[in-house]
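Contents: one structure, followed by commentary.
Protein chains: 2
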Amino acid sequence: MKKAVEAIKISESFLITTHRNPDGDAIGSELALAMALWKMGKTATIKNLHSVPEKLMFLPNANKIHQTCKVNDCYDIAVLIDCENLERCGNIFSSENYKTALINIDHHISNQNGSDYDIVDCCSSSTAEMVYWIIKELDVEIDKEISTCLFTGIFSDTGGFRYSNSTPIAFEIASKLMSYNIDPWEISLNLYESKSFQSQKLLGLVLNNLEISNDNKISWLTLTKDFFKKTGTTPSDAEGFINFAREIKSVEVALMFREIGESRVKVSFRSKGSINVAEIAKYFGGGGHKNAAGCVMNGSLKEVQDMVIGSIKIPVSEV
Amino acid sequence: MKKAVEAIKISESFLITTHRNPDGDAIGSELALAMALWKMGKTATIKNLHSVPEKLMFLPNANKIHQTCKVNDCYDIAVLIDCENLERCGNIFSSENYKTALINIDHHISNQNGSDYDIVDCCSSSTAEMVYWIIKELDVEIDKEISTCLFTGIFSDTGGFRYSNSTPIAFEIASKLMSYNIDPWEISLNLYESKSFQSQKLLGLVLNNLEISNDNKISWLTLTKDFFKKTGTTPSDAEGFINFAREIKSVEVALMFREIGESRVKVSFRSKGSINVAEIAKYFGGGGHKNAAGCVMNGSLKEVQDMVIGSIKIPVSEV
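Listed in order, the protein sequences are those of chains A and B.
Residue 10 in our numbering sits at position 10 of the first sequence; the count goes up by one each step and never skips.
Residue 144 in our numbering sits at position 144 of the second sequence; the count goes up by one each step and never skips.
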């Protein structure tokens with residue numbers, strides 16, 4: 001990290017980017033780093049493939065993040081945040097867009113470590129935790145705005161300090177960030193209490209379709225296209241609905257089937273214990289992590305459900 | 001606190017109790033203190049008016065908590081935990097049940113401070129945070145089991161580190177507790193991922209009844225008696241449902257109307273901002289806090305809804 005910090009100190013202009021569909025850790029980390037660089041008198045521009053999700057627009061300077069398919073300018077340094085490779089940021093930039101170095105700041109074990117300065121630590125709770133240390137190393141004083149962004153990053157990636165990456169260090173940093181007078185309730189209101197009336201109605205319709213296997217280990221939700229029409233919602237309103245199937249006590253694998261075309265269905269998988277849903281999703285042409293995966297399949301809702309649930313029954317019965 | 005700790009050190013037998021309908025902070029604090037006393041070679045018995053909620057039964061030694069309407073034995077010291085007065089613990093004991101002293105450990109501002117040793121600190125995130133300091137003062141080594149109980153207490157009372165009582169100190173203690181190898185995800189699974197299939201179906205029915213006022217500031221849910229029959233659930237399965245009305249972005253006041261008899265309706269109130277719902281509930285014969293209150297009213301669902309929503313419209317329109 002020291003070498004990267006030295007390179008940052010002597011450079012003037014920075015391009016910062018992150019992965020597609022950026023989450024709280026990605027946006028929070030980008031903004032915190034940019035604000036630290038601004039405080040050092042440097043130029044830092046954030047450019048992402050996708051726009052900032054509405055619920056993260058409360059973050060200070062979120063409106064300064066640009067959306068682009070292709071970066072045209074040239075900077076001293078490009079910083080890839082919370083992103084395992086260039087493809088994941090949508091290849092919006094290449095080596096032509098930076099003069100000195102590419103810096104990679106990430107906590108994903110899958111990171112491909114191919115930059116000039118790789119700061120990759122898969123023991124960190126979040127990329128925001130790593131940016132905290134970098135800002136310390138850069139000798140920039142943390143303020144309420146930087147703290148809000150870093151806290152949001154850690155909070156998002158630890159599932160609100162619930163996941164196993166909620167390490168003692170994550171709590172310790174959160175404690176330090178809290179002392180900059182940030183308001184965790186205000187952050188929570190923005191992250192979790194900004195739902196629309198329509199998306200709650202959509203949830204009601206989807207829950208009416210909740211089903212469970214005879215052994216209570218597999219539970220699934222079905223979302224038909226006409227639910228969106230009925231409620232005036234879009235697929236982004238259904239984000240997280242699969243958790244309502246997962247949070248049933250006996251459930252080992254939760255599924256959501258979403259109709260995306262005449263004969264096309266998006267299947268999302270979540271598992272709680274030992275079942276590797278990435279393998280199942282891969283078998284059907286998709287991918288993901290052990291506990292969260294997805295695929296898109298051809299067929300009617302009924303056909304796809306029968307096929308997928310049938311294929312899960314054997315591994316689940318062995319749990 | 002020092003005097004209370006001295007009294008604890010020289011005493012042998014302890015009665016520990018807490019408030020009606022005990023929550024994670026109450027049960028976690030009781031168990032942590034009892035285990036610390038056991039490690040000191042003392043006798044400590046936990047007796048509560050109500051039983052331990054199913055979702056907290058994972059806590060170590062939860063099965064050793066007794067349920068009783070009246071304590072018969074006599075102890076050296078009685079400890080009232082997370083409880084503002086004797087009435088709130090159901091008056092299950094009196095001065096006849098302890099020889100030396102009554103100790104009061106609580107973080108509620110409403111605590112009536114009437115014991116021999118009052119340890120009341122309304123700046124603490126939770127009673128568990130206070131029990132942490134007491135255990136330190138007693139010189140008992142914290143272990144994984146005590147840590148799990150204290151962490152659960154802090155986690156519960158800060159709403160998973162989301163509320164404004166998530167202080168830097170709460171995070172600092174959480175960091176120290178984490179180092180005893182506790183598993184936050186396991187705790188979360190028990191607290192939040194132990195729902196029943198039936199309660200999720202009930203949620204679906206209730207969300208189908210979600211309504212919102214024209215100005216989008218008041219949202220309400222209606223739960224009729226036949227929903228319980230249809231889904232084979234009980235009122236405890238509907239705990240927290242009101243949050244689905246509250247978490248709508250524009251909403252200032254969320255309500256839930258639950259039919260409890262032929263012409264009787266329980267009304268729950270939640271507010272996000274400046275509206276004091278306790279005052280509204282009080283007007284209808286109930287009570288509560290500024291942001292969470294309730295009352296029971298006579299009338300049909302329709303009559304009660306018209307009355308309550310009508311009375312809220314004026315204060316809400318001024319927000």
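All C-beta atoms in this analysis are idealised placements derived from N, C-alpha and C, irrespective of residue type, glycine included.
It should be emphasised that the depicted structure is a prediction, and the values quoted were computed from it without experimental measurement.
Cβ closer than 8 Å: which chain A residues qualify as neighbours of residue i?
{"i": "B/Y98", "result": "The contacting residues do not exist; B/Y98 stays about 37 Å from chain A at best."}
Is the Cβ of residue i closer than 9 Å to any Cβ of chain B?
{"i": "A/T167", "result": "yes"}
{"i": "A/G28", "result": "no"}
{"i": "A/L59", "result": "no"}
{"i": "A/L189", "result": "yes"}
{"i": "A/R246", "result": "yes"}
{"i": "A/F93", "result": "no"}
{"i": "A/F155", "result": "yes"}
For residue i, which residues from the same chain have a beta carbon less than 7 Å from its beta carbon, with the 5 sequence-adjacent residues on both sides left out?
{"i": "A/K70", "result": "I92"}
{"i": "A/A101", "result": "A7, I77, D116, Y117"}
{"i": "B/P315", "result": "I275"}
{"i": "B/S250", "result": "N216, K217"}
{"i": "A/S166", "result": "S125, T158"}
{"i": "B/N298", "result": "S263, R264"}
{"i": "B/I312", "result": "I218, V253, I280"}
{"i": "B/V304", "result": "F257, V265, V267, M297"}
Applying a beta-carbon distance threshold of less than 9 Å, which residues of chain B neighbour residue i?
{"i": "A/D183", "result": "S164"}
{"i": "A/N216", "result": "F197"}
{"i": "A/S219", "result": "F197, Q200"}
Check the Cβ of residue i against every Cβ in chain C and list those closer than 8 Å, keeping chain order.
{"i": "A/K249", "result": "No chain C appears in this structure, whose protein chains are A and B."}
Please state if the CB of residue j and the CB of residue i are separated by a distance shorter than 9 Å.
{"i": "A/Y180", "j": "A/I142", "result": "yes"}
{"i": "B/G28", "j": "B/G153", "result": "yes"}
{"i": "A/I8", "j": "B/S196", "result": "no"}
{"i": "A/K99", "j": "A/I77", "result": "yes"}
{"i": "A/N285", "j": "A/A278", "result": "Here residue 285 of chain A turns out to be Gly, not Asn, going by the sequence shown. No."}
{"i": "B/L203", "j": "A/L205", "result": "no"}
{"i": "B/R258", "j": "B/L210", "result": "no"}
{"i": "A/K64", "j": "A/A36", "result": "no"}
{"i": "B/N97", "j": "B/Y75", "result": "yes"}
{"i": "B/Q67", "j": "B/N85", "result": "no"}
{"i": "A/G24", "j": "A/S156", "result": "yes"}
{"i": "A/L59", "j": "A/T127", "result": "no"}
{"i": "B/S188", "j": "B/D237", "result": "no"}
{"i": "B/K282", "j": "B/L191", "result": "no"}
{"i": "A/E172", "j": "B/F171", "result": "yes"}
For a contact defined as C-beta to C-beta under 7 Å, what are the partners of residue i on chain B?
{"i": "A/I212", "result": "F197"}
{"i": "A/G160", "result": "G160, F161, R162"}
{"i": "A/F171", "result": "F171, A174, S175, M178"}
Which residues in the same chain have their Cβ closer than 8 Å to the Cβ of residue i, if we skip the five residues on either side of it in sequence?
{"i": "A/I119", "result": "M1, A4, I103, N104, I105, D106, M130, I134"}
{"i": "B/E193", "result": "none"}
{"i": "A/L227", "result": "Here the sequence assigns Phe to residue 227 of chain A, which means Leu is not the residue at that position. These residues qualify, in order along the chain: L202, L205, V206, T233."}
At a Cβ threshold of 9 Å, is residue i touching chain A?
{"i": "B/F257", "result": "no"}
{"i": "B/A238", "result": "no"}
{"i": "B/A292", "result": "no"}
{"i": "B/K272", "result": "yes"}
{"i": "B/A62", "result": "no"}
{"i": "B/F14", "result": "no"}
{"i": "B/F228", "result": "no"}
Report the CB separation of residue i from residue j in whole angstroms; it is logged as a contact under 8 Å.
{"i": "B/I81", "j": "B/T18", "result": "5 Å"}
{"i": "A/P168", "j": "B/M178", "result": "4 Å"}
{"i": "B/K42", "j": "B/E12", "result": "6 Å"}
{"i": "A/V253", "j": "A/S268", "result": "Their Cβ separation, rounded to whole angstroms, is 11 Å, which puts A/V253 and A/S268 out of contact at 8 Å."}
{"i": "B/V79", "j": "B/L15", "result": "7 Å"}
{"i": "A/I182", "j": "A/F151", "result": "6 Å"}
{"i": "B/L221", "j": "B/F241", "result": "6 Å"}
How would you list, in chain order, the residues of chain A whose beta-carbon sits under 9 Å from the beta-carbon of residue i?
{"i": "B/K201", "result": "L207, N208, L210"}
{"i": "B/G232", "result": "Within 9 Å Cβ-Cβ: nothing; B/G232 doesn't reach chain A, min ~13 Å."}
Give every residue of the same chain whose Cβ lies closer than 6 Å to the Cβ of residue i, excluding the five residues on either side of it in the sequence, and list them in chain order.
{"i": "A/N61", "result": "L31"}
{"i": "B/R20", "result": "L49, H50, G90"}
{"i": "B/K266", "result": "R258, I260, V296"}
For residue i, which residues in chain B fall below 8 Å Cβ to Cβ?
{"i": "A/G24", "result": "Near A/G24 there are no residues of chain B at all, since even the closest Cβ is about 14 Å away, more than 8 Å."}
Residues of chain A with CB closer than 7 Å to the CB of residue i, please, in chain order.
{"i": "B/G204", "result": "G204, L207, N208, L210"}
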